[in-house]
Amino acid sequence: MFNWRETASDLLKQGEVFCLVTITATEGSTPRDTGTIMLVTNTNENGISEYGTIGGGNLEYAAIETARNCLESGHRQQTLDYILGPDVEQCCGGRVELSFSVVKAQEDMPDMPALKSASVCLFGVGHVGSAVAIALAPLPFTLRLYDNRNDKIIGGVLPYSDPVDAVSAAPKHTLFLVMTHDHSLDYGLVSAILKRGDFAFLGLIGSKTKRARFMSRLKKDGFTNRQLSRLTCPIGIQGIQGKEPEIIAASVAAQLLQKLEASYGENT
């Protein structure tokens, strides 16, 4: 996912001047939402002079042209309103307000809210876990990867020996994914997460048979029906039957995005 703050910081370190293009208001159907940002420069040393996107099409083309005019003229700030049909011949039918701000130094950077994201803890970086990690990497998630096998502790993967300790280290409202190589380890992690309670999602990889066995054992261990209702197994969105790691990963990524969108709605 495009992190405009990091890109802006990198450009300033390189001595680049850029125009910050921000969607400040929308009405009706629009290609991107309020708060979307792209950066436009006049240089083109690496073949790139635009970073991020406000939705593409004629709207973005017009915005880039305006941003470059701001950079060339020294016009530091302006706001323009676009009706997508008549103004830029896009059939979305909505209206978009864009602000243009020329940034020459760090102090020119506007005070804007941080990007929305959610914490994901993934236990088990085997074939499926690795594919899920790749699928989630460009999305609005802060990802922590855990494995207890020495040969998997590479590239930022965190080791752990006690499932309870690993689970307790996660922040509140974390989305947990449990997909280790060992069912007993899966069970220890699931138990620790259910006991903790303050999580946003708990997904366990496995079949309906695995779910039934886990549910039976969890009930015997004293977990309530309300607690058990928060365990998702199998994981992934409905309607996708493929079992290849990459297909499972795409399905799980979509499921977590649904959870993230739902949490946005609850907080607005």
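Residues 4 to 271 in the numbering used here are what the sequence shown lists, from first letter to last. From the three backbone atoms N, C-alpha and C, an ideal C-beta is built for every residue, glycine too.
Per DSSP, cross-strand counterpart(s) of residue i
i, result
"T44", "F21"
"Q80", "S104"
"F202", "In the DSSP output, where bridge partners are listed per residue, F202 has none listed."
"E247", "Answer is none; E247 lacks a bridge partner."
"E30", "R98"
"L197", "None, per the DSSP bridge assignment."
For residue j and residue i, believed in contact at Cβ under 8 Å, the rounded distance
i, j, result
"V43", "I67", "5 Å"
"L2", "P166", "Since the first residue shown for the chain is 4 and the last is 271, residue 2 is missing from the structure and cannot be characterised."
"V123", "L178", "5 Å"
"A215", "K262", "Not confirmed; about 24 Å, so no contact."
Straight-line Cα distance separating residue j from residue i
i, j, result
"P34", "A173", "35 Å"
"I250", "V135", "9 Å"
"F5", "G58", "13 Å"
"N270", "T27", "With a pLDDT of only 48 at N270, under the threshold of 50, the placement of this residue in the model should not be trusted, and no figure is reported."
"S12", "Q109", "8 Å"
"W7", "G200", "34 Å"
"L231", "K211", "14 Å"
"V24", "K222", "54 Å"
"A169", "L259", "21 Å"
"S102", "G18", "23 Å"
"K213", "N153", "26 Å"
"I40", "P113", "12 Å"
"S171", "G159", "19 Å"
"S266", "T69", "35 Å"
"T46", "T56", "18 Å"
"L15", "I243", "44 Å"
Residue-level contact to chain D via CB, residue i, 8 Å cutoff
i, result
"Y85", "Included in the structure is just one protein chain, with no chain D present."
Proximity of residue i and residue j at Cβ, strictly below 8 Å
i, j, result
"I208", "V131", "yes"
"L188", "I196", "no"
"T37", "G97", "no"
"V180", "F126", "The sequence given here has Leu at residue 180, not Val. It is a contact, given that the beta carbons lie within the stated cut-off."
"G62", "L87", "A quick correction: the sequence has Leu, not Gly, at residue 62. Yes. Within cutoff."
"I137", "A252", "yes"
"T10", "Y64", "no"
Residue range of the alpha helix (DSSP H) that includes residue i
i, result
"A121", "No alpha helix (DSSP H) holds A121; the beta strand (DSSP E) holding it covers 121 to 126."
"L14", "7 to 16"
"L142", "Careful: L142 lies outside any alpha helix (DSSP H) and carries neither H nor E."
"D168", "166 to 171"
"F226", "Here F226 belongs to no alpha helix (DSSP H), and DSSP marks it neither H nor E."
Range covered by the beta strand (DSSP E) that runs through residue i
i, result
"V181", "178 to 181"
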